[in-house]
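Engineer: Shown below is the structure under consideration.
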Amino acid sequence: MKQLLVITIIFLTSNFTVFAQKYSELQNYQHHSIITKNDTINYHTYAKVKTDDLNSILLYIQGSSAISLYQVKKEKGSIVIATTVPFDLATIPDHFLFVVISRKGFPFSTEIDKPFPIPESFFENQTLEYRANQANLVINDLHKIYNKQLDKIIALGHSEGSDVVAKLGTINKKVTHYGYWSGGGNTQFIDFVTFIRKDVEKGILTEEQATIKIDSLFNDLRDIMSHPNATDKFWQGDDNSYKRWSHFSEPPIENLLQINKPLFVAIGTKDQAVAPESAYLIPIEFIRNKKDNLTFKAYPNLDHGFEMELENGEFEDHWNDVFQDFLNWVNKTQ
Numbered sequence: 001m002k003q004l005l006v007i008t009i010i011f012l013t014s015n016f017t018v019f020a021q022k023y024s025e026l027q028n029y030q031h032h033s034i035i036t037k038n039d040t041i042n043y044h045t046y047a048k049v050k051t052d053d054l055n056s057i058l059l060y061i062q063g064s065s066a067i068s069l070y071q072v073k074k075e076k077g078s079i080v081i082a083t084t085v086p087f088d089l090a091t092i093p094d095h096f097l098f099v100v101i102s103r104k105g106f107p108f109s110t111e112i113d114k115p116f117p118i119p120e121s122f123f124e125n126q127t128l129e130y131r132a133n134q135a136n137l138v139i140n141d142l143h144k145i146y147n148k149q150l151d152k153i154i155a156l157g158h159s160e161g162s163d164v165v166a167k168l169g170t171i172n173k174k175v176t177h178y179g180y181w182s183g184g185g186n187t188q189f190i191d192f193v194t195f196i197r198k199d200v201e202k203g204i205l206t207e208e209q210a211t212i213k214i215d216s217l218f219n220d221l222r223d224i225m226s227h228p229n230a231t232d233k234f235w236q237g238d239d240n241s242y243k244r245w246s247h248f249s250e251p252p253i254e255n256l257l258q259i260n261k262p263l264f265v266a267i268g269t270k271d272q273a274v275a276p277e278s279a280y281l282i283p284i285e286f287i288r289n290k291k292d293n294l295t296f297k298a299y300p301n302l303d304h305g306f307e308m309e310l311e312n313g314e315f316e317d318h319w320n321d322v323f324q325d326f327l328n329w330v331n332k333t334q
């Protein structure tokens, strides 16, 4: 599902050294391309040490935003950096190779305030199958290079990226650890009904109003599934095509249950994009199917991006706390 909050890193100070240090992290990325008969996949790697000293790969699969991984603006002694990669790169362990994949048709970075129209190739490839195949090819490409020195290959997906990780687990056997963050177990479609029903419980909607909204929702979903490959029809935003919705309607639990490697599922109890009730289906189904490779953590009062809303209306970021829990789990899990 579309990530509602884009993590933004902004550096505004008269000390340009601070900017240069952060900007140099972006410059330290290495850029790679996989060229197939019908496609070119661009991925990017970041490491703090020489490649000979790497022992783990961490592939991060971001959500659904139709935007470059980084957006940069330089002006008069200051640099502004915005990103859909919500990691402080300083928190990446020293011997990890951190990997991200550009969305189809988008470069690694673009300029803030300079429009970059969404390319048609993005909509044509806005599917679960395509994104999982991208990740599969990237892992295989890296495995060829680093196979002899690797202890772990970790795939971590957030939001829509969690669905991709679940699908990846059905086609790639090289991954040793899976992270499934801010994703549900059921089809994404059910979340819209769940949130309408919650509005009834809160007194925001009457039963009659909810019935009208749900009936309208069902009509929208019927239209989507009647035009499952349409890239000129959109729902819930002008960067979410019918093709995207139909191809991401697959219940992730069907794929997650096929994963036999260690799996870490994290959900915020105040998630405003994925109904936590859907995420709780995951441990229920793992218990029902007698599978013991799941670690499930619900984080109280955190939202879709693992932030906590404070009484003054501001938000407190807890992404790094969840990431540290994840790293601790990776280190103790075989």
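In this text, residue positions in the sequence shown follow the working numbering: the first is 1, and each later residue adds one.
Every residue, glycine too, gets a C-beta built ideally from N, C-alpha and C.
Nothing here was measured: the structure is a model prediction, and the numbers come from that model.
1. Measure from the alpha carbon of ALA47 to the alpha carbon of each residue in ASP94, ALA82 and VAL85, then state which is nearest.
2. Which residues in the same chain as GLN21 place their Cβ atom closer than 6 Å to its Cβ, once the five residues preceding and following it in sequence are excluded?
3. Helix, strand or coil: how does DSSP classify GLU285 here?
4. Applying the 10 Å Cβ sphere with the 16-neighbour rule, what's the burial state of VAL49?
5. Would you check if the distance between the CB atom of LYS243 and the CB atom of ASN229 is smaller than 7 Å?
6. Compare the C-alpha of ILE145 against each of ASN289, ILE224, LEU156 and THR45 and name the closest.
7. Hey, ILE139 and LYS174 are a contact pair by Cβ (cut 8 Å); roughly how many whole angstroms apart?
8. Go ahead and pull the three-state DSSP assignment for TYR130.
9. For the beta strand (DSSP E) containing LYS152, name the first residue and the last one.
10. Starting from TYR280 and walking both ways along the beta strand (DSSP E), at which residues does that stretch end?
11. So, with DSSP's three-state summary, where would you put ASP317?
12. For LYS270 versus ASP303, is the C-beta distance shorter than 7 Å?
13. With a threshold of 6 Å, establish whether the CB of HIS32 neighbours any heavy atom of the ligand GTP.
14. Rounded to the nearest angstrom, what separates ASN15 and LEU26 at their Cα positions?
15. Quick one, are the C-beta atoms of GLU129 and THR231 less than 7 Å apart?
16. Taking the beta carbon of LYS167 as the centre, do at least 16 other beta carbons fall within 10 Å, making it buried, or is it exposed?
17. Pull up the distance between the alpha-carbon of ASN136 and that of ILE212, whole angstroms please.
18. So, are the CB atoms of GLY185 and LEU281 less than 7 Å apart?
19. Between PHE234, ASP321 and VAL99, which lies nearest to GLU307 when the distance is taken from Cα to Cα?
20. Would you report the Cα separation of VAL265 and ALA273, rounded to the nearest angstrom?
21. Please state if the CB of SER65 and the CB of THR83 are separated by a distance shorter than 7 Å.
22. Taking all protein chains shown into account, decide if ASP53 is buried (16 or more other Cβ within 10 angstroms of its Cβ) or exposed.
23. What are the residues that DSSP puts in a beta bridge with GLY268?
24. Output yes or no for whether 7 Å exceeds the beta carbon distance between ASP141 and SER56.
25. Could you spell out the range, first to last residue, of the alpha helix (DSSP H) harbouring THR83?
26. Only counting runs of 4 or more residues, tell me where the alpha helix (DSSP H) segments fall wholly within the stretch 36-99, in order along the chain.
27. Buried or exposed for ARG131, going by 16 or more other Cβ atoms inside 10 Å?
28. Is it true that the CB of ASP163 sits closer than 7 Å to the CB of PHE248?
29. If I measure Cβ to Cβ from VAL193 and keep anything under 8 Å in the same chain, skipping five residues before and after, which residues do I get?
Structural biologist: Here's the rundown:
1. Here residue 47 corresponds to residue number 47 of the sequence shown, with the count starting at 1. Of ASP94, ALA82 and VAL85, the residue nearest in Cα terms is ASP94.
2. Position 21 of the sequence shown holds residue 21. Any reading at GLN21 must be qualified, since the residue scores a pLDDT of 42, below 50, and its modelled position is unreliable; the value itself is stated next. Same-chain partners within the cutoff: there are none.
3. As a working note, residue 285 is residue 285 in the sequence shown. The answer is helix: DSSP assigns GLU285 an H, G or I state.
4. Position 49 of the sequence shown, counted from the first residue, corresponds to residue 49. The residue in question, VAL49, is exposed, as its Cβ has fewer than 16 Cβ neighbours within 10 Å.
5. For the purposes of this step, residue 243 is identified with residue 243 of the sequence shown, where counting begins at 1. For the purposes of this step, residue 229 is identified with residue 229 of the sequence shown, where counting begins at 1. A contact, by the Cβ cut-off of 7 Å.
6. Indexing the sequence shown from 1 puts residue 145 at position 145. The alpha carbon of ILE145 has as its nearest neighbour, out of ASN289, ILE224, LEU156 and THR45, the alpha carbon of THR45.
7. In the sequence shown, residue 139 corresponds to position 139, counting from 1. In the sequence shown, residue 174 corresponds to position 174, counting from 1. Going by Cβ atoms, the distance from ILE139 to LYS174 rounds to 6 Å, so yes, they are a contact pair.
8. Mapped onto the sequence shown, residue 130 falls at position 130. It is helical.
9. Locating residue 152 in the sequence shown gives position 152, counting from the first residue. Unbroken beta strand (DSSP E) run through LYS152: 152-158.
10. Your numbering for residue 280 matches position 280 in the sequence shown. From DSSP, TYR280 is part of no beta strand (DSSP E); its letter is neither H nor E.
11. Numbered from 1 along the sequence shown, position 317 holds the residue referred to as residue 317. In the structure shown, ASP317 sits in a strand (DSSP, three-state: E or B).
12. Residue 270 sits at position 270 when you count from the first residue of the sequence shown. Residue 303 sits at position 303 when you count from the first residue of the sequence shown. Judged by beta-carbon spacing, ASP303 lies within the 7 Å limit of LYS270, meaning their Cβ atoms are closer than that value.
13. Among the components of this structure there are no ligands whatsoever, and the ligand GTP is therefore not found.
14. Here residue 15 refers to the residue found at position 15 of the sequence shown. Here residue 26 refers to the residue found at position 26 of the sequence shown. Note that ASN15 scores a pLDDT of 33, beneath 50, so its modelled location is shaky and nothing firm can be said.
15. Working through the sequence shown from its first residue, we reach residue 129 at position 129. Working through the sequence shown from its first residue, we reach residue 231 at position 231. The Cβ atoms of GLU129 and THR231 lie no closer than 7 Å to each other.
16. As a first step, residue 167 must be located in the sequence shown, where it is residue number 167. Classification for LYS167: buried.
17. Counted from its first residue, the sequence shown places residue 136 at position 136. Counted from its first residue, the sequence shown places residue 212 at position 212. Taking the straight line joining both Cα atoms gives about 42 Å.
18. Looking up residue 185 in the sequence shown gives position 185. Looking up residue 281 in the sequence shown gives position 281. Yes. Within cutoff.
19. Start at 1 with the first residue of the sequence shown, and residue 307 comes out as number 307. For the residues PHE234, ASP321 and VAL99, the minimum Cα distance to GLU307 belongs to ASP321.
20. For the purposes of this step, residue 265 is taken as the residue at position 265 of the sequence shown. For the purposes of this step, residue 273 is taken as the residue at position 273 of the sequence shown. VAL265 and ALA273: Cα-Cα distance of roughly 16 Å.
21. Along the sequence shown, one-based indexing puts residue 83 at 83. Along the sequence shown, one-based indexing puts residue 65 at 65. It is not a contact, given that the beta carbons lie outside the stated cut-off.
22. Residue mapping note: residue 53 aligns to position 53 of the sequence shown, counting from 1. By the 10 Å Cβ count, ASP53 comes out exposed.
23. Within the sequence shown, residue 268 is the residue found at index 268, counting from 1. In the DSSP assignment, GLY268 is bridged to TYR299.
24. For the purposes of this step, residue 141 is identified with residue 141 of the sequence shown, where counting begins at 1. For the purposes of this step, residue 56 is identified with residue 56 of the sequence shown, where counting begins at 1. No, Cβ-Cβ distance for ASP141 and SER56 is not below 7 Å.
25. Locating residue 83 in the sequence shown gives position 83, counting from the first residue. It is not in any alpha helix (DSSP H) - THR83 instead sits in the beta strand (DSSP E) that spans 78-83.
26. Correct list: empty.
27. What you label residue 131 is simply residue 131 of the sequence shown in a count that begins at 1. Looking at its Cβ environment, which holds 16 or more other Cβ atoms inside 10 Å, ARG131 is buried.
28. On the sequence shown, residue 248 is found 248 positions in, with the first residue counted as 1. On the sequence shown, residue 163 is found 163 positions in, with the first residue counted as 1. Yes. Within cutoff.
29. The count along the sequence shown starts at 1 and reaches residue 193 at position 193. If we look at VAL193 and ignore the five residues flanking it on each side, its Cβ neighbours are ILE214 and LEU217.
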